[in-house]
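Under full-length UniProt numbering, the sequence shown has 44 at position 44, and the numbering climbs by one with no breaks.
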Amino acid sequence: PRDDFKARARVLADDFGWDVTDARKIWTFGPDTTGANLLVDQTKAVQYLNEIKDSVVSGFQWATREGPIGEEPM
Numbered sequence: 001p002r003d004d005f006k007a008r009a010r011v012l013a014d015d016f017g018w019d020v021t022d023a024r025k026i027w028t029f030g031p032d033t034t035g036a037n038l039l040v041d042q043t044k045a046v047q048y049l050n051e052i053k054d055s056v057v058s059g060f061q062w063a064t065r066e067g068p069i070g071e072e073p074m
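Encoded structure:
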């Protein structure tokens with residue numbers, strides 16, 4: 001249920017003990033939006049966060065695709 005954020009949040013909460021609010025704030029998966037790495041927004045009351053979201057997601061995708069050492073994907 002990667003496309004339906006409510007269904008995904010319910011599965012993560014029921015099966016893996018996630019907080020539903022946190023599970024609904026998953027921004028992307030990486031690398032290439034299909035990997036096992038998650039970028040989760042756990043900020044509280046941060047202004048203008050949506051203005052930088054695309055840049056943060058792009059950086060996350062790049063980092064998970066290239067890897068931390070030796071260009072090995074995460």
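From the three backbone atoms N, C-alpha and C, an ideal C-beta is built for every residue, glycine too.
Spatial neighbours of residue i within its chain, please: CB distance less than 7 Å, with the 5 preceding and 5 following residues excluded, ordered by chain position.
i     : result
Glu66 : none
Ala9  : Val20, Ala23, Arg24
Within the same chain, show all residues whose beta-carbon is closer than 8 Å to that of residue i, passing over the 5 residues directly before and after it, in chain order.
i     : result
Asp19 : Ala13
Pro73 : Pro31, Gly35, Thr64, Arg65, Glu66, Gly67
Leu49 : Asp41, Thr43
Thr33 : Gln61
Give the secondary structure of residue i by DSSP, where H, G and I count as helix, E and B as strand, and everything else as coil.
i     : result
Trp27 : strand
Val46 : coil
Measuring alpha carbon to alpha carbon, tell me which residue in the options is nearest residue i.
i     : options                    : result
Gln42 : Glu51, Asp32, Trp27        : Trp27
Gly59 : Ala23, Gly30, Glu72        : Gly30
Val56 : Leu38, Gly70, Glu71, Ile69 : Leu38
Could you check if residue i is buried or exposed, using at least 16 other CB atoms within 10 Å of its CB as the buried criterion?
i     : result
Gln61 : buried
Ala45 : exposed
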